[in-house]
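Report on the structure given below.
Protein chains: 2
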Amino acid sequence: MSSTSPKASAFDSRVPAYLQRLERTTDAVLPPASTDPARLHEAIRYACEGGKHLRALMVYAAGETLGVTPEQLDAAACSVELIHAYSLVHDDLPGMDNDDLRRGRPTVHKAYDEATAILVGDTLQTSAFEVLATSDALDDAQKVQMIRALAHASGSLGMVGGQAVDMASENLTLTLPQLESLHARKTGALILVTCQLAAIAANATEATRKGLEHYGRCIGLAFQIQDDVLDQIADTATLGKTAGKDLAQHKSTFPSLLGLEQAQQRAHALFDEARNAARGIAGHAEPLLWLADHIQQRDH
Amino acid sequence: MSSTSPKASAFDSRVPAYLQRLERTTDAVLPPASTDPARLHEAIRYACEGGKHLRALMVYAAGETLGVTPEQLDAAACSVELIHAYSLVHDDLPGMDNDDLRRGRPTVHKAYDEATAILVGDTLQTSAFEVLATSDALDDAQKVQMIRALAHASGSLGMVGGQAVDMASENLTLTLPQLESLHARKTGALILVTCQLAAIAANATEATRKGLEHYGRCIGLAFQIQDDVLDQIADTATLGKTAGKDLAQHKSTFPSLLGLEQAQQRAHALFDEARNAARGIAGHAEPLLWLADHIQQRDH
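Chains B and C, in that order, give the protein sequences.
Mapping to this note's numbering: the first sequence position 13 is 13, numbers consecutive.
If you want this note's numbering, it's the position in the second sequence, counting the first as 1, plus 1000.
Okay, here's the thing in structure tokens:
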């Protein structure tokens, strides 16, 4: 880790505990793998294994910055990971990106079958809303606000809309604003909502929420640029998913529009802007600074 | 319509107004067809067109029985229809039932493409939870209870689980209890939840809720037996979907296990039991009696 903050290791030391909380919350909302129909429930759990859980960590980091207890963040952290997991299962389907490899293992439709993968994605989405609605640590007003925010981020004006635009854009050369708009929806919306959920858990002021949202938007875009860069320069073993896919699918990417070096510079500037936004939030910014560093340094 | 009740025409006369309310609520929660990405939004609306909207009518009928205003039922009625619509779009996919015809028109993946159909189903599910979370006519506690009930009914212990069992049961001969358990989940859970949502909107007593649930369970099972019967005896033009599918897919059905005549008798007895349950509810049972008659007499 770099040392942009003297307390750079503080959030780091709590990450394992947060990941354990995420695992426990996910385990509690999903029926046991032996529950009838067992093959479906086994596949649901398979789809949730692995992954870096950056979105959950963003919920915990943003919440910690605002002084929220972990209990009040568990459902939110779990819900974004469930939406993320569902989107990966469906994006990998033969009728979509048709991918065999995810998180270094066979995709759900490869490990099971296509019908099961469709149903796994469907029920992971259901569980995301269920975990918010059944939290013991949030009041009803917070639950409703979180469900609205998550639905907006993941629906046709957010993540799913971005995926639709992405598929329609194969073999087209997009402009930079078009590419940014696509990714603000496809990956950005779900990253942004982690900050919004934390703000709801904190009953934050509008100013605080806006500051957090600016952080979230910068991280979301930087994350995607970095993803495009990694797709081009990393190998499949490191990524845990098929490398070089963008080129194979003739997709516009930040490196293809800006050149590799300028894309990397743009991501760098966005991470800096995110850190500036984090420092401007009334709270203890260290978790958000750590997360910006952590994401910036990932190699997959 | 039969005249099991002297007021048998009263709910009937309000059905067009209820269907208009459903259309308005659905129209408001879905982005306009011209919204970017337009192809996706067009396909989402295509998937919601047509259909008998029996589930929405059950919400309105059960709510009317308990004295709930239509405003307090709109979101619930819309949410079950959105879940139903999403499930049809995904069930029809090539990786699932692979069907070309639905509601007398090409299925979504035929009219558009497979990727679009996956995303349409995904976002219809999202919209179902969104419409409950954004209702102006419910308090937050009711919204949360409804979202929990809908998630339970549509998830892996309900509708999606039933679909998984159904697909796993092709070419198997089920026992009658196994077949009933399958359909209690696949179609029954979403019919049952219409009664539960109405009970939540009414802040009903436990006794009332249980009475309504008994009505809902009887209707749900009767509806499915009737579906199996119609699949065997009706033609594709009348059904608006492919007839004779159960036989072609070697599925156990109520007629295949009980014989056609006994299956029809069992449905008849269940409709009678539903009417008895309706008369036992503290309220104005006529809407529920009308609905039982209406469903019993359908030919598609």
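Every residue gets a Cβ at the ideal spot worked out from N, C-alpha and C, and that includes glycine.
In three-state terms, what does DSSP make of residue i?
i	result
C/L1030	coil
B/P94	coil
C/L1172	coil
C/R1103	coil
B/P70	coil
C/P1037	coil
B/E213	helix
B/R275	helix
C/H1053	coil
B/T25	helix
C/L1138	coil
B/S3	Per-residue confidence for B/S3 stands at a pLDDT of 41, beneath the threshold of 50, marking its modelled position as unreliable; no derived number is given.
C/Y1018	helix
C/S1154	helix
B/H294	helix
B/Q305	In the structure displayed, chain B extends from 1 to 300; residue 305 of chain B sits before or after that span and is not available.
B/D113	coil
B/H268	helix
B/I281	coil
C/D1228	helix
B/A62	helix
C/T1205	coil
B/H183	helix
C/D1299	coil
For chain B, is any of its Cβ atoms less than 8 Å away from the one on residue i?
i	result
C/Q1249	no
C/A1008	Annotation note: pLDDT 45 at C/A1008 (below 50); position unreliable, coordinate value reported separately. It does not: the Cβ of C/A1008 has no partner Cβ on chain B nearer than 8 Å.
C/G1095	yes
C/Q1163	yes
C/L1119	yes
C/A1151	yes
C/G1283	no
C/S1003	Residue placement at C/S1003 is poorly supported in this model, since its pLDDT is 41, which falls under 50; the coordinates still yield a value, given next. Taking Cβ atoms only, chain B never reaches closer than 8 Å to C/S1003, which makes this a no.
Just to make sure I have the definition right: I need the residues of chain B whose C-beta is within less than 7 Å of the C-beta of residue i. Which are they?
i	result
C/I1044	S156
Whole angstroms is fine: what's the gap from residue i's alpha carbon to residue j's?
i	j	result
B/R185	C/A1285	48 Å
B/S256	C/Q1196	53 Å
C/H1310	C/C1048	In the structure as shown, chain C begins at 1001 and stops at 1300. Residue 1310 of chain C is therefore absent and cannot be evaluated.
B/D113	B/L101	14 Å
C/Q1226	B/A115	26 Å
B/L30	C/W1290	39 Å
B/R45	C/I1295	39 Å
B/P6	C/R1148	The pLDDT assigned to B/P6 is 43, lower than 50, so where the model puts this residue is not dependable, and the model offers no usable value.
C/H1152	C/G1161	11 Å
B/S154	B/A85	12 Å
B/L124	B/I83	7 Å
B/T238	B/T26	26 Å
B/Q145	C/A1263	47 Å
B/K143	C/K1251	41 Å
B/L172	B/H183	15 Å
B/A204	B/L66	8 Å
C/P1070	C/A1128	18 Å
B/A38	B/Q249	36 Å
B/L57	B/D228	22 Å
If we define contact as Cβ-Cβ less than 8 Å, is residue i a contact residue for chain C?
i	result
B/S127	yes
B/Y112	no
B/R102	no
B/D122	yes
B/V301	Look at the range of chain B in this structure, 1 to 300, and you will see that residue 301 of chain B is not part of it.
B/P31	yes
B/H90	yes
Could you work out which residues of chain C lie near residue i, taking near to mean beta carbons separated by less than 8 Å?
i	result
B/I167	First, the amino acid is wrong: residue 167 of chain B is Met here, not Ile. Correct list: A1115.
B/R39	A1164 and A1168
B/E130	I1147, R1148, A1151, H1152 and G1155
B/V160	L1040, L1119, D1122, T1123 and T1126
For residue i, which of the options has the nearest alpha-carbon?
i	options	result
C/I1118	C/Q1142, C/R1103 and C/N1098	C/N1098
B/L230	B/L288, B/D299, B/E170 and B/T35	B/D299
C/R1055	C/Y1046, C/V1080, C/L1066 and C/S1034	C/V1080
B/K210	B/L221, B/V193, B/L176 and B/A168	B/V193
B/L93	B/Q163, B/L73 and B/P70	B/Q163
B/I281	B/E64, B/H53 and B/R39	B/E64
C/Q1232	C/T1069, C/N1171, C/G1050 and C/A1243	C/A1243
B/R218	B/A269, B/L247 and B/T208	A small correction: the amino acid at residue 218 of chain B is Cys; Arg does not occupy that position in the sequence shown. Of the listed residues, the one whose Cα sits closest to B/C218 is B/A269.
C/A1267	C/A1292, C/A1202, C/A1248 and C/G1095	C/A1292
B/L88	B/A76, B/E23, B/P106 and B/A77	B/P106
In chain B, which residues lie less than 9 Å from residue i when you measure between Cβ atoms?
i	result
C/K1143	A133, D140, K143, V144 and I147
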